[in-house]
Structures are given as structure tokens and as C-alpha cells.
Amino acid sequence: MNSRTWMVLSLLITCLVAGFALSEVYAVTKPKVEQQRIDATNSALRQVLPTAQTFREVEPDSLWYGMEASGTKIGIVVRSGRRGYGGPVPVLVGLDLAGRIVGIKVASGAEGLKETPGLGLNATEEVFWKQFLGADSTVALRKDGGTIDAISGATITSRAVARGVAEAIRKYASHLKP
Amino acid sequence: MIAKKPSRLSYLTTGIIKENPTLILMIGLCPTLATTTSARDALGMSVAASFVLILSNVASSLVRRFVQPSIRIPIFIIIISTFVTIIDYALQAYQPSLYRVLGVFVPLIVVNCIILGRAEAFAYGHGVFDSFLDGLGNSLGFTLLLVTMGSVREFFAVGTVFGKVLTPAWYRSAPMLFMIFPPGAFFLIGILKALVVKFKLGK
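Residue numbers (the working numbering), protein chains in the order written: chain A, 1 to 178; chain B, 1001 to 1203.
Encoded structure:
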């Protein structure tokens, strides 16, 4: 066998082995990855609307109805994303039927938060988002005339969260109230 | 000749301090600067890169007799990217929280110079077990530096190490935030490099 043929053949064999190994690993991990994604969405929804048993997606990836086991609607979850420092800041807001905020979750890195680690990324911490519980659509940072304390060093991220929450409340209002 | 042949143990140890890939050879700086914003991220990155480095070293050494010099680079790249994709899938499936933290830097392990560098400079010319030791040594060196940098940067910028609070509250209310930004990474690696140079030249 001359050296050129062998060159092509050795590359071909390497690619075949690599491709086969990858397809095997992919087949094994795919269902797990899918399951992780579904679990992540469901647990995020449950965090912001703890009383609901099941969720029904009404608008893809942005609005869910939370229901009891019997199927009675008991609240809605809205996802909004206003521009932060590194991109949109995805916020999940859970509201009961009276329009009160019962839960807030600022998405973590996996769900698309691209803020600065140690600064904007701290928006996911409870001490920050807890301030929004019970807020109404006029919610704003102290700097903008509201009552929310911004994360130090991350005003832009904090403002994006506040605006996202206000947007979610407005969306709730236009969706549930006729 | 025999006396000059380096011992097995030295294959393992040179990569840790004497020829630390990042601090002495100054390769693989991208993940070193980018993923050391906290000790935990740095450790996660080190583990993922070590997995790829050790296995790609072993695999490159296994195939070295069948691979002609002119096509060795494409073959190495295929081997490395295969292992990177495997760890990428595995992290997504079994360690989603770690995958979340590392994000895009997992696929970027493919272009980590240390990994291609060791396959090219060491594994292509050495046996499987020696290549394993070399991969392990370099992984330890890489891990050592990353975790050090991650811990120091987290300590100064946030006041914690591995999430553990180590500084008084007055410090944490006004920490040296810049350490977590890119300039902090350059600043710290410059200091570490200067220390190493002084230490090595001081003898």
C-alpha cells in the first residue's frame, strides 16, 4: 500500500471510530439531557408557583397556566426578558389569580443569563429577588423612584429584572383580566 | 544515554511545577483567564480539561505508529474533539449544574493549546503509559494553577473561596471587584509569573 492511500485510510478509520463512539455516547445521553431540560423547566415553574401541581404551556416558552391536580387553574407563570448588561435577563414570575406575585426566579446561566459573574449574576440570589414579592406594575429601582435596592455594581442587571417583573405583571393583566 | 533518559516519575512531575503548562510554557491561557472567576468554576474547568488531556494523550500515543507525520495534526484534532464532545454530553446529562456554570468553555476545550501541545510534543513520541503519566502531570499542573487563580480572584472580588465566607462583612460590602474582571486575571497571572521567575532565578 503506498503512503498516500494509507494516509487517506488512516484518516477515514479515525473518523469512523470517532463517529461511532460519539453516536453511542449521544444515544445514551440524549434521553437524560432531554429529561434534565424538562425537569429544569418544571422545577423552575414550581419554584415560582409552588401551589400548582401541573403546568400547561399557553404561549411557547413565555406563559404557562399552573393547575391543581384536579385541573383547576390557580395561577399563571410569565417569562420575560429585558435587556441587561450582557443580553436579555430571563425572569420567571409566578402570579396567583388575584395578580399577586407569589414567586420570582431570575434564570441561571444555563437558562440564558449572560451577566457578569460576581455582579449581575448575583441577581439569582434570594436577597435580591425577594424584594419583588408582592410588587405591582409600578415596581422600579430606588434609583428610578421605586423601592427596590439594586445589586451593588450591577444597576443595569437590577433594572432589567425590575422592568421584566413589571412587564410580567402587565402581561398578566392583559391576559387574565378582560 | 541511559543516565540521561528521564525517569518515569519525572514525566509525571515536570508538568506540575517545572514545566507547568500555563505558568512556565504560557500556553492554554484562554481558559486560565476566562474560567477562574470563582474557585468552583476553575475546578470544574480543570476536571473537564484533565479528562480530555489524559485520554487524548493516551489515544494519540496508541495510534502514533499508524499515523504519518503529515496528517498527525488532523488526527489529533479528531481525537481531541471526540473526547471534548463526550465530556460535553456527559456533563449535560449527569452534571447539569456544572455544565451550566462552564457553558461555552466546555466546547472550547478543543482549542486548548495544552491538549494539542502534549499530543504533539509528548504522546506522538512516547509509549502509552508514559503519555498517561505526562497527561496526568500536566493536568495536575493546570488544575493547581486554575484553582489557585480561581480561589484568589474569588477571595478578593467576592470575599469567599469555594463559596465559603472568609472575610469580614466590611470587606465584603466593598471588595476589590476588579479582580473578577478580565484585568484582574491578567494582573494575577502577571504576579504569579513574576513570583515564579524570581523563585527560579533566585537560585
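Yeah, the Cβ is synthetic: ideal placement off N, Cα and C, and Gly gets one too.
Source: prediction; values computed, not measured.
Taking only three categories from DSSP, how would you classify residue i?
i	result
P1074(B)	helix
L141(A)	strand
S1007(B)	coil
K114(A)	coil
R1065(B)	coil
F1181(B)	coil
E167(A)	helix
I990(B)	The structure shown does not extend to residue 990(B), since chain B is modelled only from 1001 through 1203, so no value can be given for it.
D1014(B)	Position check: residue 1014(B) holds Thr in this sequence, whereas Asp was assumed. Helix.
E1120(B)	helix
E125(A)	coil
G120(A)	helix
Report the partner residues of residue i according to the DSSP bridge assignment.
i	result
P88(A)	R83(A)
R56(A)	Y65(A)
G103(A)	G94(A)
I76(A)	Y65(A), L95(A)
I1087(B)	DSSP, once it has assigned bridges, lists no residue as partnering I1087(B).
I148(A)	L141(A)
T1160(B)	V1165(B)
Residue i CB to nearest chain A CB: under 9 Å?
i	result
P1096(B)	yes
I1191(B)	no
T1032(B)	no
P1074(B)	yes
A1042(B)	no
T1082(B)	yes
Y1171(B)	no
S1038(B)	yes
A1157(B)	yes
E1019(B)	no
Please classify residue i as buried or exposed, where buried requires at least 16 other C-beta atoms within 10 Å of its C-beta.
i	result
P178(A)	Residue placement at P178(A) cannot be trusted, given a pLDDT of 48 that sits under 50; the coordinates are not used to answer.
G94(A)	buried
T14(A)	buried
I1109(B)	buried
I1191(B)	exposed
N2(A)	exposed
T138(A)	exposed
V1084(B)	buried
F20(A)	exposed
S70(A)	exposed
T147(A)	exposed
R56(A)	exposed
A1174(B)	exposed
Y1099(B)	buried
S152(A)	exposed
W1170(B)	exposed
F1199(B)	exposed
I76(A)	buried
C5(A)	The displayed chain sequence assigns Thr, not Cys, to residue 5(A). Burial call: exposed.
Between residue i and chain B, is there a C-beta pair that is closer than 9 Å?
i	result
W6(A)	yes
G81(A)	no
G134(A)	no
T157(A)	no
L63(A)	no
G145(A)	no
S43(A)	no
G120(A)	no
Review point. If contact means a Cβ-Cβ distance below 8 Å, which residues of the segment 1175-1188 of chain B contact chain A?
Key: L1177, I1180, F1181
Check your understanding: Relative to chain B, which residues along the segment 18-39 of chain A have a C-beta separation below 7 Å, given in chain order?
Key -> A18, A21, L22, V25, Y26, T29, K32, V33, Q36
**Study point:** chain A contacts made by the segment 1100-1125 of chain B, where a contact means CB separation under 8 Å
**Key:** R1100, V1101, G1103
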